[in-house]
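A short worksheet on the structure shown next.
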Amino acid sequence: MKSEEIRQKYEETAPSYDWKIAVLEKISGADRLRRDLLKKATGDVLDVACGTGRNFPWYSRDCRITGVDLSPAMLDQARIKAVDLGLDAHLLGMDVEHLTFPSHSFDTVVSSLAVCTYPHPVEAIKEMARVCKSDGRLLLLEHGRSDRPMLGHLQDFFAERFAKHSGCHMNREPLELAQAAGIEITSHRRSCSGILHVIEAKPSK
Ligand SMILES: C[S@@+](CC[C@H](N)C(=O)[O-])C[C@H]1O[C@@H](n2cnc3c(N)ncnc32)[C@H](O)[C@@H]1O
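Sequential numbering of the sequence shown, starting at 50, is according to my numbering.
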């Protein structure tokens, strides 16, 4: 799916995105993983594909947040959240595969539940690494193909149809994609029957 199609999907989804996803995040434990991972964000933070700003409540108030996303409607929701939280977040329409920031701009670069949607996920992760300072860190909370055989096969069966409908590829392999992007993985944990991945990394080996 091309970026324009993905943008269009999220333009339609934006107003109802939060309430639809909240229940799933609670059941899967993604909400707790999000909170625990984002405590580790420091300094100048880039939240790529920030969507409606679901990460915003969990950043330390010392962080300076920049969020980018393809979808203006998702960013509108993120702006509302930032105002409600009293966050001075800088929110921009931008494609994660073509970030306009200079190299080594951010202390922390975050991607949550979005590697499933990028048209070229390896390129996107390489861009995240490029804009991260060499002593900075990449924090990823992603979902992918379960390592439980039955569940993984079920995801394979539905993946294409679901992607056409939602823009989300449910059977991607976030760890393999991060490895292919050449980042240095310092920690990796799976949960929720192997579907959720928490990946901490440095920008290059
Ligand atoms: C499933 S939502 C996740 C949003 C948010 N990160 C979260 O944790 O709730 C995926 C988001 O990725 C954005 N997105 C997809 N491809 C993108 C790209 N190439 N560049 C920027 N944003 C993108 C979509 O517009 C959407 O807001």
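Where a beta carbon is used, it is the ideal one built from N, C-alpha and C, also for glycine.
Predicted model only: the values in this text are computed from it and were never measured.
Residue j beta carbon less than 8 Å from that of residue i
| i | j | result |
| --- | --- | --- |
| D196 | R239 | yes |
| A178 | E146 | no |
| D67 | V159 | no |
| D156 | G116 | no |
| A122 | L140 | no |
| L190 | L82 | yes |
| E225 | A250 | no |
| L245 | A79 | yes |
| D93 | R113 | yes |
| V171 | A230 | yes |
| E243 | E222 | According to the sequence displayed, residue 243 carries Gly and not Glu. Against a cut-off of 8 Å, the Cβ pair of E222 and G243 comes out as no contact. |
| G22 | K69 | Nothing can be reported for residue 22, as the shown portion of the chain is limited to 50 through 254. |
| A90 | S109 | yes |
| S161 | K58 | no |
| F105 | A63 | no |
| C165 | H237 | no |
DSSP beta-bridge partners of residue i
| i | result |
| --- | --- |
| C181 | F155 |
| G142 | D118 |
| S161 | L190 |
| L94 | Note that residue 94 is Val in the sequence shown here, rather than Leu. DSSP, once it has assigned bridges, lists I114 and T157 as partnering V94. |
Residue i (DSSP reduced to helix, strand or coil)
| i | result |
| --- | --- |
| K251 | strand |
| H169 | coil |
| D118 | strand |
| R39 | An answer regarding residue 39 cannot be provided, because it is not within the stretch 50 to 254 covered by the chain. |
| Y108 | coil |
| L148 | coil |
| K75 | helix |
| I136 | For the record, residue 136 in the displayed sequence is Leu; it is not Ile. Three-state result, L136: coil. |
| K88 | coil |
| K130 | helix |
| M123 | helix |
| I51 | Note on residue identity: the sequence assigns Lys, not Ile, to residue 51. K51: coil per DSSP, three-state reduction. |
Fill in: Every unbroken alpha helix (DSSP H) inside the segment 175–249 [4 residues or more]
198–215 and 223–229
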